[in-house]
Structures are given as structure tokens and as C-alpha cells.
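Data first, discussion second: the structure below is written as C-alpha cells.
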Amino acid sequence: MVDSKRHDGHGLSMHDQSMERSYRPGVDGNMLGVDTTGVERKRKLRRLRVIVLVALAAVVLAAGVLVAGNLGSQGRAQSGSPLQTPAATTAPTTTTPSLTASSVATAEPTASATQTPNLAWTSFVSTTAHAQFDLPIGWTATDVPVGTASNPASGIQVKDEAGRLMAKFYYGAGGGVGGACGPGTYKQTELDKAATSLTGQWVTTSQARFSFRVLDQTAQGGGIGYQLGLVDKSSGEVRDSCLMYSFVAGAPKGTLSFATSDAQAPGSRTFSTMEEATQYLQTPEYQKLKRMITSLQLTQ
Numbered sequence: 178m179v180d181s182k183r184h185d186g187h188g189l190s191m192h193d194q195s196m197e198r199s200y201r202p203g204v205d206g207n208m209l210g211v212d213t214t215g216v217e218r219k220r221k222l223r224r225l226r227v228i229v230l231v232a233l234a235a236v237v238l239a240a241g242v243l244v245a246g247n248l249g250s251q252g253r254a255q256s257g258s259p260l261q262t263p264a265a266t267t268a269p270t271t272t273t274p275s276l277t278a279s280s281v282a283t284a285e286p287t288a289s290a291t292q293t294p295n296l297a298w299t300s301f302v303s304t305t306a307h308a309q310f311d312l313p314i315g316w317t318a319t320d321v322p323v324g325t326a327s328n329p330a331s332g333i334q335v336k337d338e339a340g341r342l343m344a345k346f347y348y349g350a351g352g353g354v355g356g357a358c359g360p361g362t363y364k365q366t367e368l369d370k371a372a373t374s375l376t377g378q379w380v381t382t383s384q385a386r387f388s389f390r391v392l393d394q395t396a397q398g399g400g401i402g403y404q405l406g407l408v409d410k411s412s413g414e415v416r417d418s419c420l421m422y423s424f425v426a427g428a429p430k431g432t433l434s435f436a437t438s439d440a441q442a443p444g445s446r447t448f449s450t451m452e453e454a455t456q457y458l459q460t461p462e463y464q465k466l467k468r469m470i471t472s473l474q475l476t477q
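At position 43 of the sequence shown the residue is numbered 220 (this note's numbering), and the sequence of numbers has no breaks.
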């Protein structure tokens, strides 16, 4: 006959174990009247708080590493040591669209953009006078007959857009210069000078240059006479006189003149004051005349 109170080897009979299981609370002391649902909710909240605190601690730690890394980088950069970015401070990755062949070609400068031609000037070449010089666009240069059979020479006239005679070129045999002076002399002043493009030993010997000179005749009611052109050491001497001349003696074929006027003549253009003469230096007309005259070259 089997004993209903048979022990299981742990000091309790099977009957006792059955009794113990019947009185053991199902969940954490339910037999004491505790609300197991509320307890479980509190446990979940505690676990959630723990998780949040751990996450916040990780964020604070990462921020500290980032600040320390940046400060260390700045310190190394200021001291001249190589700058190394810590791995923990890697910047967010951004995707940059690659340039296509057409976009690269557009970004490259073109030849026309880097080599802009000077559209305001052209070159005038005279096969008759064996001369060439820069000519402003809109101005005209024309070969004209000068000299005689016994005194051969070549001539060119230059006019602006309005047809005004701006300069005259003369090259060849010629006579002397002269003119009548009235009583007294006038103060002569050179307001500008420049080298010429002419070449040869004769240019050096004659000391040929470009000159802008004025002759003050205001005391006699004649205004400020002026000439722009090529002169030499003789004709370009700045001294009080009643006349001015603009020419170069000693050129290979005789006398050379390229000027607004080769000699002071009645009806020549004048300025009203010296201030007006000085301001003329800044005008486009003066700049054109100066460049044209100084660019003269003889081709034979």
C-alpha cells in the first residue's frame, strides 16, 4: 500500500508540496492583496528612467569628447603642429553632384574672354609715304600730294569723325622755316612729352620726341596757342618766343613732321586759359592724338 505522504527527498512529502503550491502566490505576494498591475507598471517606469539616464550620460560624454577634440585641434593648429581630426567628430556626410563634361567646359574661360581685341584702333599703312601708325576707329588718313619735282616729299592728312583736320604728316626734302614775329615774345611751356616709336641712329642724334607745348598770347588777346607733334633738340627747345615749330630735321629723306601743325599760323586753334590747356591732357582727343603720333614708324 502506497503511503500518500511519501517524501520526495527534500524533506517534504508530496502532499506537503501540493499544499505549498496551492498556497504560493501567483505573482509577488498576490495573496497579501498587492495590485500586481501597478507594481509591474512601476518596474517598467524604473527601467525606462534607467535607460533614459544612461542615454543622457552617453550624450554628455560624447559632447565632452567632441569639445575636447575641437579644443585640442585648435591648440595644435595654433602651435604649428599638424591638425588631426578625432574619429569621434566626423562631420556628416554630404553628397556633391559630380560635374558633367558640359558643366566643366562652361566653367573654363574661353579664348575670346581672355584675349579681347582692341576694337577702338586700327593700323594705317601708306605705301606711298612708306609710313604706318595707329589710327583711331572713325578717323581717316589720306595720302595727299606735297612737295615739288625738285623737292619730292610725301604727305598724309588725318581727320576725325566730323571731318576736322587733326594732324598732318610730311616727310621729304624741304626748305627752311620762318615767319614774322610781332613786337615782344610769349611765354612757352611744355605740358607733356613722350618717347617715339621711330628707330635709327638719326632718332638718337636728333633727340626726337613727342611734345605738347603752349604759347601764352593772352596778354595780346591771342589766347593760348598749342602744338602736339614730333620735335627734335632744336625745334623742341622750350624758350620764350613769338613762334613754335614741330618737326625733326636729319631724317634719312630730309625733314619729318607729324603734328597738329608744323608751325604757328594764323587761325590755329587756341585755349582760353592755361587751366583749359592743362585739362586738355585728360581728354579722349588728346589721348588719341598722342598715341597716334608716338606710334609712327617709317617702313623705308
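For glycine and all other residues, C-beta sits at the position ideal for the given N, C-alpha and C.
| Item | Value |
| --- | --- |
| Is DSSP giving Trp379 helix, strand or coil here? | helix |
| Of the residues Ala297, Phe301, Leu222, which one's Cα is nearest the Cα of Thr127? | Look at the range of the chain in this structure, 178 to 477, and you will see that residue 127 is not part of it. |
| Excluding sequence positions up to five away, which residues of its chain have a Cβ less than 8 Å from the Cβ of Asn328? | Gly349, Ala350, Gly351, Gly352 |
| On the DSSP letters alone, give me the boundaries of the beta strand (DSSP E) that Leu342 sits inside. | 342-349 |
| According to DSSP, is Gln384 helix, strand or coil? | coil |
| What first and last residue would you give for the beta strand (DSSP E) that runs through Tyr463? | Here Tyr463 belongs to no beta strand (DSSP E); instead the alpha helix (DSSP H) covers 461-471. |
| Beta-carbon separation of Phe435 and Leu466 under 8 Å? | no |
| Take Met196 and list the residues in its own chain whose beta-carbon comes closer than 6 Å to its own, dropping the five residues that flank it on each side. | In this predicted model, Met196 has a pLDDT of only 41, less than 50, meaning its place in the structure is not dependable enough to derive any value. |
| Less than 8 Å between the C-beta atoms of Ala330 and Asp320, yes or no? | no |
| Pick out whichever of Arg220, Phe448, Arg224, Ala297 has its Cα sitting closest to the Cα of Pro461. | Ala297 |
| For Gly257, which of helix, strand or coil comes out of DSSP? | Residue placement at Gly257 cannot be trusted, given a pLDDT of 43 that sits under 50; the coordinates are not used to answer. |
| May I have the straight-line CA-CA distance separating Gly340 from Asp311, to the nearest angstrom? | 18 Å |
| Buried or exposed: which applies to Gly377, given that a residue is buried once 16 or more other Cβ atoms fall within 10 Å of its Cβ? | exposed |
| Based on DSSP bridge pairs, tell me the residues matched to Phe389. | Asp369, Leu405 |
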